[in-house]
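A.B. asks: By the count of my numbering, the sequence shown reaches residue 666 at its end, each step adding exactly one. The beta carbon of each residue, even a glycine, is placed where N, CA and C say it ideally should be.
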Amino acid sequence: MSAQLSPIVSEFETQEQADSYDLWFRAKVQEALDDPRPSIPHDEAMALLEQRLAAKRKARAGS
């Protein structure tokens, strides 16, 4: 059984959970770094996101 982690120090209950999340997170970051698609500038990405959110709000208001 793994030692309990303090909720003040960690959002995970055990070190095993923290280690598992760390491995998953690092894999996701590496996957993003290895992605061959061209990068999108932050301002462009935020504008696209805002367009999508506005469309969702409009669709929700219309239903």
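With DSSP as the reference, please indicate the residues paired to Gln620 in a beta bridge.
C.D. replies: One-based indexing of the sequence shown puts residue 620 at position 17. Beta-bridge pairing links Gln620 to no other residue.
A.B. asks: Considering just the uninterrupted stretch of the alpha helix (DSSP H) at Glu614, what are its terminal residues?
C.D. replies: Stepping through the sequence shown from its first residue, residue 614 is reached at position 11. Neither: Glu614 is in no alpha helix (DSSP H) and is coded neither H nor E.
A.B. asks: Provide the residue(s) that pair with Gln607 in DSSP beta bridges, ordered along the chain.
C.D. replies: Numbered from 1 along the sequence shown, position 4 holds the residue referred to as residue 607. Looking at the DSSP assignment, Gln607 forms a beta bridge with Thr617.
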